[in-house]
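Visitor: Before we start, here is the structure in question, set down as structure tokens.
Numbering (the working numbering), first residue to last: 1 to 243.
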């Protein structure tokens, strides 16, 4: 079983219903700001990663993954509820959907994200995964707050046409049709969710629209990353953490 310890943090896989409940409680706190459990039917078929403080065992971050043998199974994914993914059905290699990523709202330490990606890298290498994908969320449903970020996504990070997700959700923001404008690059990066920034630094791409998810109070974009596209220097850094 995957287990990784780096500095102040350790990563392990959930092994009990209590572990999964702890992840659900952290997710509810991070997503809604209150006590409770953020749970759905996908929890039962996913692998759950827990990042804890090594000294105290306090849970500071979690995420879940859904392994798929290839694009032919992508209809089983959480993302398929919101995006039409017929293009990706042609992807032949092993895939993993990464979702429900969150960090405890009282903790601010960039090492947590690095350790999480180190754990994900170890899993990818051990299982010969060829693509990661998921939904990257912007907090709130007012797209005007993120126009610089969305403009940068449109200009630099759109999915290849062969993989491009199509509209399925009833309410979307089509940032792929934004008028040409010059985004404030610094503001754009500041407004990007940290997880999405990491995807993009590794060569990731996004859909041409954001889904308006009022239940979760987010705008989310489909995000994909072909493992073969990650720059060699970035792979080496990730494997140092994973090693």
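Ideal placement from N, C-alpha and C gives every residue a C-beta, glycine not left out.
At the level of alpha carbons, what is the spacing between residue 135 and residue 109?
Guide: Spanning the two alpha carbons is a distance of roughly 22 Å.
Visitor: With residue 82 and residue 224 assumed to form a contact (beta carbons below 8 Å), what rounded beta-carbon distance in angstroms separates them?
Guide: 14 Å between Cβ atoms; not a contact.
Visitor: Could you spell out the range, first to last residue, of the alpha helix (DSSP H) harbouring residue 67?
Guide: Where residue 67 is concerned, there is no enclosing alpha helix (DSSP H), although the beta strand (DSSP E) it sits in stretches over 59-68.
Visitor: What residue range is occupied by the uninterrupted alpha helix (DSSP H) comprising residue 118?
Guide: From DSSP, the alpha helix (DSSP H) with residue 118 extends over 110-127.
Visitor: List the DSSP bridge partners of residue 83.
Guide: 167.
Visitor: Which residue's Cα is closest to the Cα of residue 207: 16, 169, 164, 227?
Guide: Cα-wise, what sits closest to residue 207 is 164.
Visitor: Do you know offhand how far residue 44's Cα is from residue 17's?
Guide: The straight-line gap from Cα to Cα measures roughly 10 Å.
Visitor: Considering only C-alpha positions, which residue in the set 87, 216, 195, 233 is nearest to residue 39?
Guide: Closest by alpha carbon: 216.
Visitor: For a test of the three-state rule: what should DSSP assign to residue 12, helix, strand or coil?
Guide: Note: residue 12 maps to strand in three-state DSSP.
Visitor: Judging by CA-CA distance, which residue of 55, 168, 196 is the nearest neighbour of residue 213?
Guide: Measuring from the Cα of residue 213, the nearest candidate turns out to be 168.
Visitor: Jot down the residue ranges of each uninterrupted alpha helix (DSSP H) in the region 182-220, minimum 4 residues, whole runs only, in chain order.
Guide: Whole alpha helix (DSSP H) segments, 4+ residues: 185-191, 194-201.
Visitor: Expressed to the nearest angstrom, what Euclidean distance is found between the alpha-carbon atoms of residue 104 and residue 25?
Guide: Residue 104 and residue 25: Cα-Cα distance of roughly 10 Å.
Visitor: Under the three-state reduction of DSSP, which class applies to residue 179: helix, strand or coil?
Guide: Coil, per DSSP.
Visitor: Would you decide whether residue 201 is buried or exposed? Buried here means 16 or more other CB atoms lie within 10 Å of its CB.
Guide: Residue 201 comes out exposed.
Visitor: Using DSSP with H/G/I as helix, E/B as strand and the rest coil, what is residue 46?
Guide: Correct three-state label for residue 46: coil.
Visitor: Let me confirm a value: residue 170 is counted as buried when at least 16 other C-beta atoms fall within 10 Å, else exposed. Which label applies?
Guide: Residue 170 is exposed by the Cβ-count criterion.
Visitor: From which residue to which residue does the alpha helix (DSSP H) around residue 100 run?
Guide: No alpha helix (DSSP H) contains residue 100, which is instead part of the beta strand (DSSP E) from 95-103.
Visitor: Quick one: give me the first and last residue of the beta strand (DSSP E) that residue 152 is part of.
Guide: Residue 152 -> not in any beta strand (DSSP E); alpha helix (DSSP H) instead, spanning 147-156.
Visitor: From what residue to what residue does the alpha helix (DSSP H) around residue 29 run?
Guide: Run containing residue 29: 17-32, per the alpha helix (DSSP H) assignment.
Visitor: Are the region 93-100 and the region 177-186 touching, with three or more C-beta to C-beta distances below 8 Å?
Guide: Counting Cβ pairs under 8 Å, fewer than three are found: no touch.
Visitor: Applying the 10 Å Cβ sphere with the 16-neighbour rule, what's the burial state of residue 118?
Guide: Residue 118 comes out buried.
Visitor: Give the DSSP-derived three-state secondary structure of residue 51 in the structure shown.
Guide: Strand.
Visitor: If you run the structure through DSSP and keep just helix, strand and coil, what is residue 77?
Guide: Coil.
Visitor: According to DSSP, simplified to helix, strand and coil, what is residue 134?
Guide: Residue 134: strand per DSSP, three-state reduction.
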